[in-house]
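Reviewing the structure listed below.
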Amino acid sequence: MERSEKKRRYDEALITVVLILAAVGLVVLYSTSSYNGSIKFHDRFYYLKKQGFATFIGLLGMVIVSRVDYHRWAALAVPGYLAAVALSVAVMLFGDEYNGSKRWLSLGPVSFQPSEFAKAAVILFLAWLVSRHAGKLKKFRMLLVMLLPALPLVALVGASNLSTAIIIFGIAVVLLFVASPNYSQFIWMGSAGAAFMAVFLAMESYRLERIAIWRSPEDYEKGYQTLQGLYAIGSGGIFGRGLGNSVQKLGFLPEAQNDMIFSIICEELGLAGAGIIVLLFFLLIWRFFVIAEKAPDLMGALIASGAMAHMMIQVILNIAVVTNSIPNTGITLPFISYGGTSVLFLLLEIGLVLSVSRLIE
Numbered sequence: 042m043e044r045s046e047k048k049r050r051y052d053e054a055l056i057t058v059v060l061i062l063a064a065v066g067l068v069v070l071y072s073t074s075s076y077n078g079s080i081k082f083h084d085r086f087y088y089l090k091k092q093g094f095a096t097f098i099g100l101l102g103m104v105i106v107s108r109v110d111y112h113r114w115a116a117l118a119v120p121g122y123l124a125a126v127a128l129s130v131a132v133m134l135f136g137d138e139y140n141g142s143k144r145w146l147s148l149g150p151v152s153f154q155p156s157e158f159a160k161a162a163v164i165l166f167l168a169w170l171v172s173r174h175a176g177k178l179k180k181f182r183m184l185l186v187m188l189l190p191a192l193p194l195v196a197l198v199g200a201s202n203l204s205t206a207i208i209i210f211g212i213a214v215v216l217l218f219v220a221s222p223n224y225s226q227f228i229w230m231g232s233a234g235a236a237f238m239a240v241f242l243a244m245e246s247y248r249l250e251r252i253a254i255w256r257s258p259e260d261y262e263k264g265y266q267t268l269q270g271l272y273a274i275g276s277g278g279i280f281g282r283g284l285g286n287s288v289q290k291l292g293f294l295p296e297a298q299n300d301m302i303f304s305i306i307c308e309e310l311g312l313a314g315a316g317i318i319v320l321l322f323f324l325l326i327w328r329f330f331v332i333a334e335k336a337p338d339l340m341g342a343l344i345a346s347g348a349m350a351h352m353m354i355q356v357i358l359n360i361a362v363v364t365n366s367i368p369n370t371g372i373t374l375p376f377i378s379y380g381g382t383s384v385l386f387l388l389l390e391i392g393l394v395l396s397v398s399r400l401i402e
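Per the working numbering, residue 42 is the first one in the sequence shown, and the count goes up by one each step.
Set out below in structure tokens:
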């Protein structure tokens, strides 16, 4: 009884962190996007209303998914994976182009990013697949075979969205690492991955240009966004200018509500406010780790590990880009950046993790 009560408190803690992050995300998004909304759409609440609706639907989905035994979702692993591949192909053929990239599909009035669905699909599919063949992962050849299904998605998504392709590949590697009894194999895999990345970057000149911009943003016109983001971070100081008082969001930092939103957080809330948000992400990731460690079986552990990898990689990459620690990849900050599809599928993933947690004894 005591253990059950403790588990219930942990679940409540996870849900509380998720709700706080979602609420903070909506507040920060409104503060960051109200100017752009009023200029572009004559509605300062434009971005907030769309994000709020997606968050509401996502929370409902999280509750529903959390109450279903996660083993039942295994039946959707293969169809979900095939749907992710099909949608990724559809984006290349019929996708809507925005800022030079095809990442969206429109179904009537609804527009969404299939790459966000692909992240959740690869977690469920590989958790199901790897758990069925876990005993064979001692062999490096079998490890590569398990990795193969992720590669078509990585290639299709990477054609227009390199950052999301990196996340999908990272999720796949983390799941295999968790299930593998021989960690030395990943040295070879890491070497092969580094070689592949070098060739991939060299295939397109604009990818090499991003590295040059990262090294010297002041020398390139495309480095403008990076510089404005750094100005925002530097002007915030310890406690910031105050919520709603950002200067950079007033047309200086393009699309501030998207992948550069962390710089506005630093400007308005300072290092202290940004640190609190990072702490919330840390608590969420730590809870995923605990659930993965105590999961009743390997499939449950892999589902929680996949969600943990998704959150961890995306948060680290976004903050690294905003602070110019790595080249710009155009990746969003979970729950905070504008993106209804991202919020929706993140919350569904958390519902899966809660489903795993409910079966822990």
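Here a beta-carbon is modelled for each residue, glycine too, at the ideal position from N, C-alpha and C.
As the structure is a prediction and not an experimental result, all values here were calculated from the model.
Which partner residues of residue i appear in the DSSP bridge assignment?
| i | result |
| --- | --- |
| F24 | Not covered by the structure: residue 24. The range shown for the chain is 42 to 402. |
Between residue i and residue j, how many whole angstroms is the CB-CB distance? I'm expecting something under 8 Å.
| i | j | result |
| --- | --- | --- |
| T364 | I274 | 7 Å |
| K160 | I208 | 6 Å |
| G285 | A95 | Wrong, their Cβ atoms sit about 23 Å apart, outside the cutoff. |
| L146 | F135 | 7 Å |
| A342 | A350 | No, A342 and A350 are not in contact; Cβ-Cβ is about 12 Å, not under 8 Å. |
| Q92 | Y379 | 6 Å |
Nearest CA to the CA of residue i: which residue from the options?
| i | options | result |
| --- | --- | --- |
| L217 | L339, A115, I332 and V195 | L339 |
| I377 | E53, L192 and S74 | S74 |
| V59 | L284, G78 and G99 | G99 |
| L385 | K90, E296, H83 and M103 | M103 |
| F322 | A348, A220, V198 and M352 | M352 |
| L192 | V132, F181 and T205 | T205 |
| V356 | G211, L55, G93 and K179 | G211 |
| R399 | S72, V171 and H112 | H112 |
| A118 | S172, W327 and F86 | S172 |
| A315 | E262, L194, G277 and R256 | G277 |
| Q266 | R282, E390, Q289 and E138 | Q289 |
| I332 | Q154, L395 and L165 | L395 |
| I372 | V319, V219, S156 and N359 | N359 |
| S156 | M133, L170, L167 and W169 | M133 |
| P190 | S201, V198, R182 and V163 | V163 |
| V214 | E402, L184, L393 and T57 | L184 |
Going by DSSP in three states, residue i sits in which element: helix, strand or coil?
| i | result |
| --- | --- |
| D137 | strand |
| L217 | helix |
| S346 | helix |
| M42 | With a pLDDT of 45 at M42, under the threshold of 50, the modelled position of that residue is not reliable, and no figure is offered here. |
| K81 | helix |
| I98 | helix |
| G264 | helix |
| F322 | helix |
| I212 | helix |
| N359 | helix |
| V65 | helix |
| V296 | In the sequence on display, residue 296 carries Glu and not Val. Here E296 sits in coil by DSSP. |
Enumerated in chain order, which unbroken segments of the alpha helix (DSSP H) with a length of 4 residues or greater are wholly contained in the segment 155–190?
155–173 and 181–188
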